[in-house]
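Enquirer: The structure that follows is given in the form of structure tokens.
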Amino acid sequence: MALKRNKRGGRPSPYPRIPFHVFRAGQLLSSIVVSGIMVYFMYYLRMENYAIPWTFIVLLSVSLGTVGILTLTIILYNFTYLSPRFNLILNGAISFFWALGLALLTWSVSTSHVLEKQCTGKEWGGVAQAGVCRDYKALWGMTLVGTISTLAALLLDAHTYRKTTRQGKYLMPEDDKEARRLHDLKSARVRSEGYEAPLEENAPGGSVFDSDIGYHNRYGADDDHVHIAASPHGFLDSKPSPQHDMGYHNQFFHD
């Protein structure tokens, strides 16, 4: 059984394809990097018996939550139908936590000036410290990317939801628009050449089959039949032609 991508009951997705996937790619990339750095930091903090900061907990939670939401919505997008309203609610929730995590992380690194200094052993007093500096810069940068891409996806959800619900207006899919343009082009060509489009079978003016019968009854019938049909007394007033009478007798009597 073949599953139809991006359709549910013949309904295509209302999302523009390129922005939709670009924003989701930014969310996925930033979530993977942030969650990986957070697991690394938290592992060594636990080994050294240090308390885990709330900033790390928020960033790890929102990054893992984003990966889960992206997995769910891409399944809906490909195999059923992704509602813009449903996706708007999900992106609205994680946008808040991405912004919160970015604010907490920016406040944490502002005291040590990590973002302003170079990550060298001479600057930080060792190679390990310089590595931690690079990790913090990567963490802050990918948190910023995750926040921006999630907010962009949220705006795209709001725009798509408003477009699909604007005054209850029906939005014709692209396939239907192409079929409509071909139909209009064909109709214009018929009108320009002076022809009339054929009637439908169930049209009020009759079917094409009925018009064909009328054509043959008008031009293909014998003169005798036309005279009989026009006579008020039927066959009594009709006068068959001699040729018709001789043909009738010759049909049954042959030498």
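As numbered in our numbering, residues 1223 to 1477 make up the sequence shown, in order.
Cβ coordinates follow ideal geometry from the N, Cα and C atoms, glycine included.
Computed from a predicted structure; not experimentally measured.
1. As an exercise, report each continuous alpha helix (DSSP H) stretch of at least 4 residues that is fully enclosed by the region 1334-1400, in chain order.
2. Looking at C-beta atoms only, is the number of pairs between the region 1255-1264 and the region 1372-1392 that lie closer than 8 Å three or more?
3. For the alpha helix (DSSP H) that contains I1240, what are its first and last residues?
4. From S1334 to S1235, what does the alpha carbon distance come to, in whole angstroms?
5. Of the choices L1404, G1368, Y1266, D1406, whose alpha-carbon is the least far from that of T1288?
6. For T1328, I'd like the list of residues in its chain whose CB is within less than 8 Å of its CB, leaving aside the five on either flank, ordered along the chain.
7. Using a threshold of 8 Å, state whether the C-beta atoms of L1326 and T1372 are closer than that.
8. How is P1275 classed by DSSP in three states: helix, strand or coil?
9. For a test of the three-state rule: what should DSSP assign to S1317, helix, strand or coil?
10. Please return the same chain residues whose Cβ sits closer than 8 Å to the Cβ of Y1405, not counting the five positions on each side in sequence.
11. Helix, strand or coil for Y1299? Go by DSSP, reduced to three states.
12. In terms of alpha-carbon separation, which member of A1360, L1324, L1407, Q1249 lies closest to I1291?
13. Below 8 Å between beta carbons: does that hold for N1309 and T1295?
14. Please identify the residue among F1318, F1263, R1246 whose C-alpha is closest to the C-alpha of V1284.
15. With DSSP as the reference, label L1304 as helix, strand or coil.
16. Apart from the five residues on each side of it in sequence, which residues of its chain come closer than 7 Å, Cβ to Cβ, to L1322?
17. Return the residue from the list K1344, T1365, Q1340, G1347 that minimises the CA-CA distance to R1356.
18. Leaving aside the five residues before and after M1364 along the sequence, list all residues of the same chain whose C-beta is less than 7 Å from its C-beta, in chain order.
19. Tell whether a beta-carbon distance below 8 Å holds between L1242 and L1376.
20. Quick one: is R1388 buried, meaning 16 or more other Cβ sit within 10 Å of its Cβ, or exposed?
21. Could you tell me the alpha carbon to alpha carbon distance between L1286 and V1349, rounded to whole angstroms?
22. Between the C-alpha atoms of K1344 and Y1265, what's the straight-line distance to the nearest angstrom?
23. Hey, out of F1263, P1238, F1301, L1407, whose CA is closest to A1360's CA?
24. Any idea if R1239 is buried or exposed, counting beta-carbon neighbours within 10 angstroms, 16 or more meaning buried?
Expert: Working from what's here:
1. 1343-1346, 1349-1386
2. no
3. 1239-1269
4. 47 Å
5. G1368
6. W1362
7. no
8. coil
9. helix
10. It should be noted that the sequence gives His, not Tyr, for residue 1405. Here the set comprises nothing.
11. helix
12. Q1249
13. yes
14. F1318
15. coil
16. V1280
17. Q1340
18. S1252, V1255, V1256
19. Looking at the sequence provided, one finds Phe at residue 1242 rather than Leu. For F1242 and L1376, no; Cβs fall outside 8 Å.
20. exposed
21. 30 Å
22. 26 Å
23. F1263
24. exposed
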